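In full-length UniProt numbering, the protein residues as written are 1 to 495. No residue lacks a Cβ here, since even glycine has one placed at the ideal position from N, Cα and C. All of these numbers come straight from a predicted model, not from anything done at the bench. First the structure, in the form of structure tokens, and then the observations on it.
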Amino acid sequence: MFGLIIVLILIALFVWFFARLDSDIQLVLSEKFGHSISELRGKVVWITGASSGIGEALSYELAANGVKLVISGTNGSRLEEVKRQCLLSGQLQEEDVLILSFDIRDYSVHQMQFNSVIKHFKRLDILVSNAGRSQRAAFEEIDIEVDKEMFEINVFGLINLTRIVLKYFLQNKIKGHFVVTSSTAGKLGVPNSASYTASKHALHGYYECLRTEAQAKGISITMLCPGPVFSRILENAMSGKKDGQHSVVTHSKDNKRLDTNRCAHLMATAIVNSLDETEVWSEWLRHWTYCLAVYCVVLGVTLSPTQCLRFHLQPNTKRCLKEEMRKDVLVTGEYELSPAPGQRTDLAVTDSKGHTAFARENLDRGKFAVTSDEDDIFDFCFVSYLQTGHQTGPEREVHLEMKHGVEAKSYEELANVGKLKPLEMELTKLEDLSSSIVQDFEYMKKREEEMRDTNESTNNRVLYLSIFSMLCLLGLATWQVLYLRRFFKAKKLIE
1 MFGLIIVLIL IALFVWFFAR LDSDIQLVLS EKFGHSISEL RGKVVWITGA
51 SSGIGEALSY ELAANGVKLV ISGTNGSRLE EVKRQCLLSG QLQEEDVLIL
101 SFDIRDYSVH QMQFNSVIKH FKRLDILVSN AGRSQRAAFE EIDIEVDKEM
151 FEINVFGLIN LTRIVLKYFL QNKIKGHFVV TSSTAGKLGV PNSASYTASK
201 HALHGYYECL RTEAQAKGIS ITMLCPGPVF SRILENAMSG KKDGQHSVVT
251 HSKDNKRLDT NRCAHLMATA IVNSLDETEV WSEWLRHWTY CLAVYCVVLG
301 VTLSPTQCLR FHLQPNTKRC LKEEMRKDVL VTGEYELSPA PGQRTDLAVT
351 DSKGHTAFAR ENLDRGKFAV TSDEDDIFDF CFVSYLQTGH QTGPEREVHL
401 EMKHGVEAKS YEELANVGKL KPLEMELTKL EDLSSSIVQD FEYMKKREEE
451 MRDTNESTNN RVLYLSIFSM LCLLGLATWQ VLYLRRFFKA KKLIE
């Protein structure tokens with residue numbers, strides 16, 4: 001039972017830990033023990049789609065750490081505001097933030113915009129491909145033109161710009177870094193967003209292929225997969241028609257979405273630590289992770305309390321098992337013994353005071369149920385006897401299965417007797433389970449207090465013994481000094 005309590009505590013810690021996470025494990029460890037975002041100071045980072053949402057927040061996060069920025073998007077006035085906010089961080093000068101206003105779908109200007117970056121900063125270290133648009137519509141309502149438009153924005157525009165920057169990295173032997181804002185939709189199918197989901201899956205295909213080709217040349221690829229985040233992406237989402245726009249209300253806290261600034265901080269952490277791929281979770285995903293962990297707790301509690309034992313019993317021998325019994329906790333058992341002609345086997349269950357709680361003679365198979373009025377340790381003893389006329393016999397194999405607490409109750413029988421509905425039966429079981437967990441923790445608290453009292457008593461005794469020993473030694477030392485003084489005086493060695 002104590003082992004079960006330890007397992008429950010570990011599972012509870014597991015639930016608590018994962019319920020607090022807002023990213024995958026590698027990103028959590030990188031944030032705690034990896035490189036600091038400040039190590040990006042002085043690097044030149046180009047962020048597309050920087051006029052709002054994640055791109056805007058990432059610009060502020062990097063600017064606060066002294067990263068030189070190229071911010072691009074279609075809304076020039078918004079980019080000017082983003083630049084102004086970046087300069088307010090106090091880490092950058094006017095010339096440290098370059099604005100490039102263009103449409104990512106216009107491939108003809110990509111080379112010119114890249115040349116502007118090199119002309120201004122003389123170099124480029126990291127390209128963050130963040131530009132994109134969302135889409136919401138049922139699968140059957142989407143026109144093929146919407147699919148094409150979605151791929152033009154979310155895929156082909158980013159890929160074309162990436163190829164231009166890649167050639168620059170390779171020609172100048174620069175260990176560059178490509179960062180791609182994908183989505184959890186790029187890892188699984190999301191309903192009512194087929195075009196958007198397909199475009200994000202396509203990004204993974206393109207950049208995973210690039211990783212295999214360029215990684216040996218020192219070029220890094222980081223795929224960022226955020227879940228639902230507070231942003232305006234759904235306000236501008238496409239519908240099933242090319243010229244249609246999906247109507248979405250502004251996000252509220254009830255949407256269980258991740259804060260944009262927190263998302264940007266995690267993304268910057270992934271960038272500085274050069275993670276290959278990482279996921280940033282929303283409150284919604286954390287909620288379901290928590291539910292899954294709770295399910296694991298319930299499953300563990302349901303399966304763990306059963307103890308199944310098997311041992312062999314020689315003729316004319318006694319085998320006893322000790323079991324810790326909790327006060328007022330039902331313990332049931334089911335036993336079965338292999339056939340052994342000429343032998344009789346008895347079972348006796350006794351407490352530490354020798355009182356018999358259960359006894360059965362000449363048994364082959366059966367069940368028992370016992371409880372205790374106080375916390376105690378019980379002996380479950382199987383005794384084998386050779387009957388008259390038999391000098392020897394085979395050993396008997398004993399199967400014993402014991403259950404404690406909630407598992408010892410037959411809820412199906414209780415439901416039949418009480419005419420309970422299945423849901424009522426499950427609620428009753430959960431109620432008993434909750435009470436059992438509370439009792440286990442109270443028992444652990446009691447044991448801890450007893451152990452503490454024992455330790456305090458032992459420490460006090462050791463203290464008193466130490467004081468007594470010290471007094472004895474001081475007394476002995478005083479006596480020795482006086483004795484030696486008299487001895488030396490008698491020998492006239494001292495006055």
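Under the rule that a run must span 4 or more residues, the alpha helix (DSSP H) segments found entirely inside the region 180-243 read 194-214. By the neighbour-count criterion, in which a residue is buried when 16 or more other Cβ atoms sit within 10 angstroms of its Cβ, F487 is exposed.
Excluding residues up to 5 positions away in sequence, G132 and S199 lie with their Cβ nearer than 6 Å to the Cβ of N154 in the same chain.
Annotation for R396: L313, L337, S338 and A340 place their beta carbon closer than 6 Å to its own, counting only its chain and skipping 5 residues before and after. Among the bridge pairs identified by DSSP, R319 is matched with F382. DSSP, reduced to helix, strand and coil, places D376 within a strand of the structure shown. Judged by their CB atoms, V82 and L62 are not nearer to each other than the 9 Å cut-off. Counting C-beta atoms within 10 angstroms of its own C-beta, H177 has 16 or more neighbours from the protein chains shown and is therefore classed as buried. Between the beta-carbon of A50 and that of S59 there is about 5 Å, and that keeps the pair under the 8 Å contact cut. Within the model, the alpha-carbon separation for L203 versus L13 is close to 37 Å. Fewer than three pairs of CB atoms, one per stretch, sit closer than 8 Å, so the region 89-100 makes no contact with the region 134-153. CA-to-CA, the gap between I9 and N261 works out to about 34 Å.
Rounded to whole angstroms, the separation of the alpha carbons of V398 and L309 is 8 Å. Put simply, the region 340-352 touches the region 371-378. At least three CB pairs are less than 8 Å apart.
Under the three-state reduction of DSSP output, H399 falls in the strand class. For S436, the enclosing alpha helix (DSSP H) covers residues P422 to A490. Residue pairing for E277: DSSP places it in a beta bridge opposite M223. In summary, D440 is buried, with 16 or more beta-carbon neighbours lying within 10 Å of its beta-carbon over all protein chains present.
Excluding the 5 residues flanking it on each side, S220 has same chain C-beta neighbours closer than 6 Å at H177 and S274, in chain order.
Sequence-distant Cβ neighbours of L363 in its own chain, meaning closer than 8 Å and more than five residues away, are Y335, L337, T345, D346 and L347. The beta carbons of V70 and V117 sit closer together than 9 Å. Contact check for K403 against G333 passes: the beta carbons are separated by less than 9 Å. Boundaries of the alpha helix (DSSP H) harbouring F151: I144 to F151, taken from the DSSP string.
As the crow flies, the alpha-carbon of S108 is around 26 Å from that of E208.
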